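Q:
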């Protein structure tokens, strides 16, 4: 704690990464609730100068000592790094807020989406609070709002995931591939040629330019990917619905930033299109963008750089009055990552003075 | 009929379009069952020289007389053109095979997918046979095979549709947009900028480069699009399942050619992942490409220019042993359009001599 101000000291671990950059932006524009902000990076990025709250600050290398005197430490780092260092931060007295997948499914770590279950931040026996992954976050605020009214029973999800959730390497790979294929107008109609022309695949298992790739994350049992089983497990945990039926197919698309999901949601109660639209329009953290007459629906290019989850294409299923079909978009670096972490940190900061 | 050969005379209406070009390729490489092939285009494209079966041929302008002596006339033209001219062809004695949406849902026009319901071509009171749209065709051969074993009850579909199903204008628009956004690496992270930079939207209601667009087709009641209700109606008609529950969300993606679909299929019987894979592997018109260990799954770039529907990511749903999740890719200009039409025409040609 910054004893002169009484305001909490924040450590931003992973400040030099893609999500870290968004975190520094958010810290600079949101209500300022912190005293000192300490920027923490890898050994390699230590010493780099960054900007936060209008001032320049130097990143320090991740080490146990960086957490001394820290009240809240946010982690925007790969899961193995968070798995090692969040407990170190907690041991030294900080509350660790982890955006990685390291602790999400631990029974003694709350999984928090501040619009839905803010009270859960208080119950943190290990001193660690986690947020869900970007695919879950792109839909869960809107679905949580509909669940409160109709009672969620089943979800079928197909995702359209952006390159930037694979980090800077993902974005660089997509642009490098686009430069190679963009000029050759015959390419898109010649079998197999794209694979030979795009060059490096980077973090993706197949070409991404002029293509879609039905594989994100790592391999799980039964042919599923880690992202697909995570959408199921995280949605169940956040909504407190351990029996919720969830089938997800996660697909990477050649978009830089902003995830989209097509969702078929089945509820206990009968649904109504207009009422569902009204619920979404009034839900904090959700923007309804849904007017077919004027071609209003959310697309990644509309929502990138914005905070909320955008919802559109709300339809009552033609064959099931208990089901709604909708399309959602969300900036995977904001609500999908840095923003949710920042919101959790703010809840913890506010809780210190409750 | 070409009286010297006894082989049927074929008219290819729309020979100068994007699907027409694929049709001429197919006629040049498939078993040759025709005598004369007459190429028919619009007034504007009449006189253009094309190649078919290794020979040059001149397109003639669409007029009633072009159907004189024609046995089979295929239509790869916009629906209003087919609606006007397929009956003219039929009146002059030809069997019209329409790939457009003009007649698909007419009760007195069979909707044919040769792998599934070839016998239906014989029942054509109006002299017209139709094929389904490209989104339905990208999945229905594989789903029909699974239906025979398990009994299909419900489908939830999310599509990833290529630009070329919006014609040459769609492809040109995508490439022109990619040239404008491909070089600016900051663009993908700046809200709204893509819309200002991509230039013409062409046939799409939002930018397609570095974006996905959850709207294909025209507006229907309840917030649905014409493509989405067509997937439902066509699947029901081809499979003979008037009560099948279908919810589709159709999305355009920045891919030149080859549609993909993520499908959640619920069946009457319990399913089995290995058995389902074996069924797909043995089904004519389907290729199974499904090995997570070696990152084998179909993507548009793998399947463009090929005939079959490719199936992968076959999983039994974690919460419902009666449900399978899978991902399918198919060249929307081949099986999704020209190939299905060519196959129907071949069935009719064969039927003449039965």
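Residue numbers (full-length UniProt numbering), protein chains in the order written: chain A, 1 to 354; chain B, 1 to 354.
Just so you know, even glycine gets a beta-carbon here, dropped at the ideal spot from N, CA and C.
These numbers come from a predicted model, not from an experiment.
#1: What are the residues of the segment 194–215 of chain B that lie near chain A, defined by any Cβ-Cβ distance shorter than 7 angstroms?
#2: Look at the alpha carbon of residue 75 of chain A and the alpha carbon of residue 60 of chain A, and state the distance between them as a whole number of angstroms.
#3: Reducing DSSP to helix, strand and coil, say where residue 267 of chain A ends up.
#4: Checking the sheet assignment: what are the DSSP bridge partners for residue 325 of chain B?
#5: What is the rounded straight-line gap between the Cα of residue 243 of chain B and the Cα of residue 114 of chain B?
#6: If contact is defined by three or more beta carbon pairs under 8 angstroms, each pair taking one atom from either stretch, is the segment 146–153 of chain A in contact with the segment 207–219 of chain A?
#7: State the DSSP-derived secondary structure class of residue 295 of chain B, mapped to helix, strand or coil.
#8: Taking a contact to mean a Cβ-Cβ separation below 7 angstroms, would you say residue 159 of chain B touches residue 261 of chain B in this structure?
#9: For residue 232 of chain B, does the three-state DSSP call read helix, strand or coil?
#10: In angstroms with no decimal places, state the Cα-to-Cα distance between residue 144 of chain A and residue 109 of chain A.
#11: So residue 247 of chain B and residue 18 of chain B are supposed to be a Cβ contact under 8 angstroms. How far apart are they, rounded?
#12: Whose Cβ in chain E lies nearer than 8 angstroms to the Cβ of residue 30 of chain B?
#13: Near residue 123 of chain A, which residues of its chain fall below 7 angstroms by C-beta distance, leaving aside the five closest residues on each side in sequence?
#14: At 7 angstroms on the CB atoms, spell out the chain A contacts of residue 132 of chain B, in chain order.
#15: Can you pull the chain A neighbours of residue 280 of chain B, defined as C-beta to C-beta under 8 angstroms?
#16: Does the beta-carbon distance from residue 291 of chain B to residue 134 of chain B come in below 7 angstroms?
#17: Rounding to the nearest angstrom, what Cα-Cα distance links residue 267 of chain B and residue 341 of chain A in this structure?
#18: Near residue 105 of chain B, what residues of its chain come up, given a Cβ to Cβ distance below 6 angstroms and the 5 sequence neighbours on each side ignored?
#19: Can you find the residues in the same chain that come closer than 6 angstroms, C-beta to C-beta, to residue 214 of chain B, ignoring five residues on each side of it along the sequence?
#20: Over what stretch of residues does the beta strand (DSSP E) that includes residue 249 of chain A continue unbroken?
#21: Which residues in the same chain as residue 345 of chain B place their Cβ atom closer than 6 angstroms to its Cβ, once the five residues preceding and following it in sequence are excluded?
#22: Looking at the secondary structure, which residues open and close the beta strand (DSSP E) in which residue 287 of chain B lies?
#23: Per the DSSP calculation, residue 41 of chain B is bridged to which residue(s)?
#24: Going along chain A in order, which residues have a C-beta closer than 8 angstroms to the C-beta of residue 25 of chain B?
#25: Return helix, strand or coil for residue 137 of chain B, following the three-state DSSP convention.
#26: Counting only beta-carbon separations shorter than 7 angstroms, does residue 135 of chain A have a partner in chain B?
#27: Using alpha carbons as the reference points, say which of A:47, A:29, A:101 lies closest to residue 226 of chain A.
#28: Check whether the Cβ atoms of residue 307 of chain B and residue 317 of chain B lie closer than 7 angstroms to each other.
#29: Could one say the Cβ of residue 160 of chain B lies closer than 7 angstroms to chain A's Cβ atoms, at least one of them?
#30: Say whether chain B places a C-beta atom closer than 7 angstroms to the C-beta of residue 299 of chain A.
#31: Would you call the segment 83–91 of chain B and the segment 23–34 of chain B in contact, with 3 or more CB pairs under 8 angstroms?
#32: Just the chain B side, please: which residues come within less than 9 angstroms of residue 315 of chain A by C-beta, in chain order?
#33: How many angstroms separate the CA atom of residue 337 of chain A from the CA atom of residue 140 of chain A?
#34: Given residue 167 of chain B, which residues of its chain have a CB within under 8 angstroms of its CB, disregarding the five upstream and five downstream residues?
#35: CA-CA distance, residue 22 of chain B and residue 211 of chain B?
#36: Which residues does DSSP pair with residue 49 of chain A in a beta bridge?
A: In short:
#1: 194, 195, 205, 206, 207, 210, 211, 212, 213, 214, 215
#2: 14 angstroms
#3: In this structure, residue 267 of chain A counts as strand in the three-state DSSP scheme.
#4: As DSSP reads the structure, residue 325 of chain B sits in a beta bridge with B:264, B:315.
#5: 22 angstroms
#6: no
#7: coil
#8: yes
#9: Here residue 232 of chain B sits in helix by DSSP.
#10: 20 angstroms
#11: Wrong, their Cβ atoms sit about 29 angstroms apart, outside the cutoff.
#12: Within the model displayed, chain E is absent; protein chains A and B are what it includes.
#13: 110
#14: Identification of chain A residues near residue 132 of chain B by a Cβ-Cβ cut-off of 7 angstroms yields none; the smallest Cβ-Cβ distance measures about 18 angstroms.
#15: By Cβ distance, chain A contributes nothing, its closest Cβ being about 13 angstroms from residue 280 of chain B, past 8 angstroms.
#16: no
#17: 41 angstroms
#18: 233
#19: Here the set comprises 251.
#20: 245–249
#21: The residues are 72, 74, 97.
#22: 286–288
#23: B:61
#24: Here the premise fails: no neighbours, minimum Cβ distance about 11 angstroms.
#25: helix
#26: no
#27: A:101
#28: no
#29: yes
#30: yes
#31: The segment 83–91 of chain B and the segment 23–34 of chain B do not touch, with fewer than 3 CB-CB distances between them shorter than 8 angstroms.
#32: Correct list: 222, 223, 224, 228, 247, 249.
#33: 13 angstroms
#34: 17, 18, 203
#35: 27 angstroms
#36: For residue 49 of chain A, the pairing in a beta bridge is given by DSSP as A:58.
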